[in-house]
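Let me begin by presenting the structure, written as structure tokens, before commenting on it.
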Amino acid sequence: MDSPHVYAIADAALREMKRDEVNQSIIISGESGAGKTETAKIAMQYLASLGGGSGIEYEILQTNPILEAFGNAKTLRNDNSSRFGKLIEIHFSTTGRICGAMIQTFLLEKSRVVQSAVGERSYHIFYQLCAGAPASLREKLNLKKVDEFKYLKQSCCYSIAGVDDSQMFRTVTEAMNIVHISKEDQENVLAMVSAVLWLGDVSFTVIDNENHVEIIVDEASKTVAELLGCSIEDLNLALSKRHMKVNNENIVQKLTLAQATDARDALAKSVYASLFEWLVEQINKSLSVGKRRTGRSISILDIYGFESFDKNSFEQFCINYANERLQQHFNRHLFKLEQEEYVEDGIDWAKVDFEDNQDCLNLFEKKPLGLLSLLDEESTFPNATDLTFANKLKQHLNSNSCFRGERGKAFAVRHYAGEVAYDSSGFLEKNRDLLHMDSIQLLAKCKSSLPQMFASKMLAQSDISISVPYRSSAADSQKLSVAMKFKGQLFQLMQRLESTTPHFIRCIKPNNLQLPAIYEQGLVLQQLKCCGVLEVVRISRSGYPTRMTHQKFARRYGFLLLEDVASQDPLSVSVAILHQFNILPEMYQVGYTKLFFRTGQIGKLEDTRNRTLHGILRVQSCFRGHQVRHHARERIRGVLALQSFIRGENARHIYSSMLRKHRAATILQRNVRCWLARRYFSSIRRASVVIQSGIRGNLVRRCNGNIDLINVLREFESKQEAEGDQILIKASVLAELQRRILKAEATVREKDEENEMLHQRLQQYENRWLEYEQKMKAMEEMWQKQMRSLQSSLSVAKKSLALDETPRMSDSSVDQSWEINGTHVGSGSQLVPRTAGREMNAGLSVINRLAEEFEQRSQVFADDATFLVEVKSGQADASLNPDMELRRLKQNFDSWKKDFGSRIRETKVILNKLGNSNESSPNSVKRKWWGRLNTSKYS
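The C-terminal residue of the sequence shown carries number 939 in the UniProt record's numbering, and the numbering is unbroken.
This is the structure:
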């Protein structure tokens, strides 16, 4: 790797994981403020971009804002210092895609919750909540300004240059949504954060001369009780009293002001630490649910860097111990194991000396006289103090070259990065990390879900049963001290890293001013020396960083040789490859089982291999392309033939469908045109009838001198009485009358046929509309009966007239003789006067007008009924109500029927009078004119 870069390290880890199928690890180390957290985020982003696609990589990246908000803080050397260790294990599928992740944390600095140095800040979430919480949330949590909380105003530092806490709060809430933390859980988390802040404002009042205290019931205590879901009495009991069990007796001890303050701070630290652990568990659930692990993973370790302040306490002691252990892991892989491998494989190698920190590790871990053992032992004594602990260290460890005792409670340790002086004040208390059973019971009684979960987890870890509420001492509530827990976690971490292929990233801090473009050469050189980077460079120059077994080398590059050479054993093939490509002997060494190459040599072989493989792939691609094109042409021909058959079948199917539609359209057009023609013909016929009736009426009025038939009759009767002449009807007039009656009968028969056709059509419509069948059928039958009655009456009248005219007609025309009372009257007989002929013509005109009116009215009623039936069946469109129009049509028909019947009866009376007048004359015929007339009533 000629140009080291974070992307190059991550890419190398990903490629080696896929190639070797071995878990990888990226260990990021360096001093505090050197950029380890940002480097870890960059490596995660690169892996997410290469192995993304499932969506889980976005969730993994969104864990950073949450963990930084709850686990990072501003220190004097770093504005975003990680106050906990983090190992994120990213799992990959068989295809190289990210399928899940798991996060493990180490040693959260809980003391920063209750106290922070001047110029530093507590955890970011406190300031983000106060700055970015919306008004409704602020009212619900009863939040104040940052500088009004006692825990936050100790350091007199409330903001970070260039950082918007309100915007960061929105980023954290969005990240919680992405990792599937519900809204209810988010509200509970923020309530716990607010409760921790308000706990710092809980104050006490002295109640007796022994400095015993109780909490003051004010806004702070009420808010804490409300947020935790407990009563003020329970809160007062947990913070101002202590229950103990001694010799099976329960003892209640009142606490002094200092003890109550320590109990309050211990509760705040435990609540926040438990909240942080709960958040990590929820994130792990989100990242691992439904994700199938394949056993291949890349672990990224981002742990706190080496720290050395003016005053170093228990936290710096643990942090620097962790860095010592990581430095030993670094030395082991880059110095010890590598040089041991050179010696074991029998190559010519001059050993490189390096500074080993094993002595410093022994100072920490040696039993029973190591720093951790002595600290744990001293923490078990109730009367032990920080001074007794410092004296014990000086007594037992002064002979160690890495330890130096100082005055009072101070001591110094020579680390790999330099000597650090520690102040043992608070070591024992922080190592015990005591949370009394009364505080755990308080959390268990809370109504909120999170405090109950915290209490149950504390009880499970300390193996305490709820049924035994009190112990003889507070120290019994915890089996392992903080130092021992941290040591166990660190050994588990080392075991996990040992099972992976490590990749190291050393972050170098350019200056202590936290400013860009400033390079302090002395500071950088010191870090390079302390981290062992110079020794690594020396080994890299003189060593062989690239190594490969004979079998793997022959398998990877053997195809570059001839067949007869490639069939030999792996060692011979390897040597033949090296000779064929003219690799200089000083650039490699052949070991018992492996080949060792200096930097850059394996790259030449890789370039040749890649060029050869590229040529082979080009040849294969050309041949495969030829095969694919040949197969494609055959398939195209087959597809075209198949398409032609399918298209032909589709065309035939479409043509047959179109043909059927054309025939149906032709039939439909024919029926429509027939209907339109019939309708047009009917309208023409009705118009013709109207015109004819008008013309005939005009003619009748012209011929009769516009005199009504009744007036003609009255004139005829008066003249008949006056003259008493014999009426003789001309034969030609009677013939004309007979002809017209016959024509009327034929017309009536035609109308009967048309009525039958209409009746059939009505029957068809009635079959379609069953709901309307009975009503239409009854109306149609009634109309048919009435019309037939009228027709039969008119037919009988006409037939009677014809029968009466027959004997009066002569075969010889005008001079036909009439036989009256046995006497023969010839041509010289008396003739009917002109007025009688005129009156007969008027009678014939009346009969003709009645017949024409009958035809017109029957046609109009038939057309209207047909139209209304079509509207009812939906065949015709009209904005009318067919039922109402049918009723109206029936009423019109009934009124016309009455009128027509009355006129027929009136005409009958007139004609009877004409007939009777003929009988009363001396020369009247023997048979009556209307003797055979049917006298049936018209109704």
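No residue lacks a Cβ here, since even glycine has one placed at the ideal position from N, Cα and C. Quick caveat, the model's predicted, so the values are computed rather than measured.
> Between which two residues does the beta strand (DSSP E) containing I298 stretch?
Replying inline: 296–302
> When the Cα atoms are used, what is the spatial distance from Y127 to M17?
Replying inline: 41 Å
> Between Y342 and the rest of its own chain, which residues show a CB-CB distance below 7 Å, the 5 nearest in sequence each way excluded?
Replying inline: W349
> Does the Cβ-Cβ distance between D310 and L442 come in under 7 Å?
Replying inline: no
> The beta strand (DSSP E) spanning F411 covers which residue range?
Replying inline: 410–415
> Beta carbon of A43, beta carbon of C507: below 7 Å?
Replying inline: no
> On the three-pair Cβ rule with 8 Å, is the segment 891–908 touching the segment 845–856?
Replying inline: yes
> Between V271 and F454, which are expected to be in contact by the criterion C-beta below 8 Å, what is the C-beta distance as a whole number of angstroms?
Replying inline: 7 Å
> Opposite I98 in the DSSP bridges: which residues?
Replying inline: F92
>> Contact defined as beta carbons within less than 8 Å: I believe A417 pairs with E406. What is the distance between those atoms, to the nearest angstrom?
In response: Going by Cβ atoms, the distance from A417 to E406 rounds to 19 Å, so no, they are not a contact pair.
> DSSP on Y151, reduced to helix/strand/coil?
Replying inline: coil
>> One question on the structure: do L239 and I215 come within less than 7 Å of each other, judged by their Cβ atoms?
In response: yes
> Contact check, F427 vs D376 under 8 Å by CB: the rounded distance?
Replying inline: No, F427 and D376 are not in contact; Cβ-Cβ is about 11 Å, not under 8 Å.
> Is I508 helix, strand or coil by DSSP?
Replying inline: coil
> Hey, is the segment 103–111 in contact with the segment 486–496, meaning 3+ C-beta pairs nearer than 8 Å?
Replying inline: yes
> Can you give the Cα-Cα distance for G132 and A191, rounded to whole angstroms?
Replying inline: 14 Å
>> Tell me the rounded alpha-carbon separation between L642 and H631.
In response: 16 Å
>> Just to confirm my understanding: we take N511, look at its own chain, exclude 5 residues before and 5 after, and list those with CB closer than 8 Å. What are they?
In response: I518, Y519, E520, L523
>> Just to check my reading of the structure: G51 and I98 have Cβ atoms closer than 8 Å, yes? What is that Cβ distance to the nearest angstrom?
In response: 4 Å
> Mapping DSSP to helix, strand and coil, what is Q568?
Replying inline: coil
> Below 8 Å, can you find three or more Cβ-Cβ pairs linking the segment 51–67 to the segment 328–341?
Replying inline: no
>> Between which two residues does the alpha helix (DSSP H) holding I60 run?
In response: 56–71
>> Excluding the 5 residues flanking R242 on each side, which residues of the same chain have their C-beta closer than 7 Å to its C-beta?
In response: Q253, L255, H436, D438
> For N323 versus F306, is the C-beta distance shorter than 7 Å?
Replying inline: yes
> Leaving out the 5 sequence neighbours to the left and right, which residues in its chain are closer than 8 Å to L850 when beta-carbon positions are compared?
Replying inline: L794, F900, R903, I904, T907
> From the DSSP output, which residues share a beta bridge with F106?
Replying inline: G85
>> For a test of the three-state rule: what should DSSP assign to V206, helix, strand or coil?
In response: strand
>> Quick check on DSSP: helix, strand or coil for Y123?
In response: strand
> Taking C-alpha atoms, which residue in Q786, K751, L257, K222 lies nearest to N209?
Replying inline: L257
> How many angstroms separate the CA atom of Y680 from the CA atom of S644?
Replying inline: 51 Å
> Residue range of the beta strand (DSSP E) that E307 falls in?
Replying inline: Element bounds for E307: n/a, residue is neither H nor E.
>> Only counting the same chain, and skipping five residues up and downstream in sequence, which positions put a Cβ closer than 6 Å to that of A862?
In response: L758
> On the three-pair Cβ rule with 8 Å, is the segment 594–602 touching the segment 542–553?
Replying inline: yes
> What is the rounded straight-line gap between the Cα of L14 and the Cα of V536?
Replying inline: 23 Å
> Smallest Cα separation from M548: which of V590, Q856, L525?
Replying inline: V590
> What span of residues does the beta strand (DSSP E) with K254 cover, start to end?
Replying inline: 249–254
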